[in-house]
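Data first, discussion second: the structure below is written as structure tokens.
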Amino acid sequence: QGSMQGASSFGSSLSAPRLQQLPLPSIKMPLKTKLTEALGIKYPIIQGGMHYVGYAEMAAAVSNAGGLGVITALTVAQPPKGKEALREEIRKCRQLTDKPFGVNLTLLPVGVPPDYDGIIQVCIEEGIKIMETAGRNPENVIKKLKENGIFVIHKCVAVRHAQTAARMGADFISMDGFDCGGHPGEEDIGNWVLLAQAAQELKIPFVASGGSATGAQLAAALAMGAEGLNMGTRFMATVEAPIHQKIKEAMVQAKITDTMHVLRSLGNTERVYKNEVAMKVRAIEAEKPGDLNAIYPYIKGENYRVSFQETGDAESSVWSCGQSIGLIKDIPTCKDLLDRMCAEAEDIIRNRLSSKLSKL
């Protein structure tokens, strides 16, 4: 299903013409944060795990552009090859970049458990140095990764969960607000409050995750105590993202109101693109709350994969994206995107913010 062949065969779409390009300001000096220092990257921006997007091509493009690219293990390590497909994808990524990159491992609360042990073993054997973890009950995973010298960035949606992950040994937290695509948790706390709370209460460094797509948001995150950004949705609308061009174009056209939640009745809320299929899922949930079998035909991963890798039909499946979809105005290269964002952030910090200080 989500094998690396499915992504790489889509290479022809990457040469499709870009939409309107925004101007690129010049960068005077790179931003320096605890994230860039710890990982040896140029820009404090992580490309988070994304289902049916986080292949070697995506991770390498972000890493080559100066951020931290991340391979999504559960997308790659699927039958028939399983964990060996992840091994191939890691090796492929190493051929595409000599910069640091990581692997995302999300612990799913529902369904048949994936081969977590096999995935972790492959990451250790292949010398992966950075992993993004997410999901419930991560203690055994974090412990195993730390025993093998791996830098752990744990993504969570509540500060109390972040504090628990820190006690378990996580090095960094990806603080994921309600604006995010995918799973925002069940407490509905937006980043404006969540990041302020994290700055007050966390003892280890964190990045802001969810709803981010601009350099102004990077500057704001740094001002609020974060050490950088984690972005998913924004990277989907780049030249190198190994998904169908029509999906990218649908994202450019979308408004900030073009997302919605599904799976809330299962206690596994997911923010997705608003279309008729997602609306159908919500209607079924209203009639049969908590009934996974009733909605499964509409939410199964194969529908997602076909939309992203084959048809480019944004309306025929349930697929994750954040509210930042409404901030996306073009389809740049990853390099242009990161250069532009970090130049904008630097300009705001250097000029706009300092101009607000009284000269008296």
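Residues 10 to 369 in the working numbering are what the sequence shown spells out, letter by letter.
Just so you know, even glycine gets a beta-carbon here, dropped at the ideal spot from N, CA and C.
Contact under 8 Å by Cβ, residue i with residue j
i    : j    : result
E296 : R273 : no
I256 : G191 : no
T45  : A69  : no
E236 : P251 : no
G241 : G186 : no
V261 : I337 : yes
Reduced DSSP category for residue i - H, G, I as helix; E, B as strand; rest coil
i    : result
K101 : helix
S12  : Reliability of the predicted coordinates at S12 is poor, the pLDDT of 32 falling under 50, and the value obtained from them is presented with this limitation in mind. Here S12 sits in coil by DSSP.
N146 : coil
K264 : coil
I198 : coil
H253 : coil
K138 : coil
K344 : helix
A217 : strand
Q87  : coil
H163 : strand
L211 : coil
Residue environment, residue i, which counts as buried when at least 16 other CB atoms sit within 10 Å
i    : result
R180 : For the record, residue 180 in the displayed sequence is Asp; it is not Arg. Counting Cβ neighbours within 10 Å, D180 comes out buried, since at least 16 surround it.
G11  : No answer about G11 holds up, because its pLDDT of 33 lies below 50 and its placement is not dependable.
G20  : Because the pLDDT of G20 is 36, which lies under 50, any placement of that residue in the model is unreliable, and the number read from its coordinates should be weighed accordingly. So G20 ends up on the exposed side.
K368 : exposed
A205 : exposed
I80  : buried
Y64  : buried
P341 : buried
T42  : buried
N4   : Only positions 10 to 369 of the chain appear in the structure, and residue 4 is not among them; the question remains open.
Distance, residue j Cα to residue i Cα
i    : j    : result
T268 : L366 : 38 Å
L48  : D348 : 18 Å
S363 : A225 : 15 Å
A16  : V62  : Unreliable positioning characterises A16 in this predicted model, as indicated by a pLDDT of 34, which lies under 50. A coordinate reading is not provided.
K212 : L238 : 18 Å
E324 : V286 : 7 Å
I99  : V161 : 17 Å
N312 : S326 : 5 Å
M350 : G335 : 16 Å
V121 : V248 : 34 Å
R27  : I139 : In this prediction, R27 scores a pLDDT of 48, lower than 50, which makes its location untrustworthy; no coordinate-derived value is stated.
E66  : A246 : 14 Å
E195 : V71  : 30 Å
Per DSSP, cross-strand counterpart(s) of residue i
i    : result
R280 : G191, H270
S183 : K164, V216
V79  : G111
M240 : Q56
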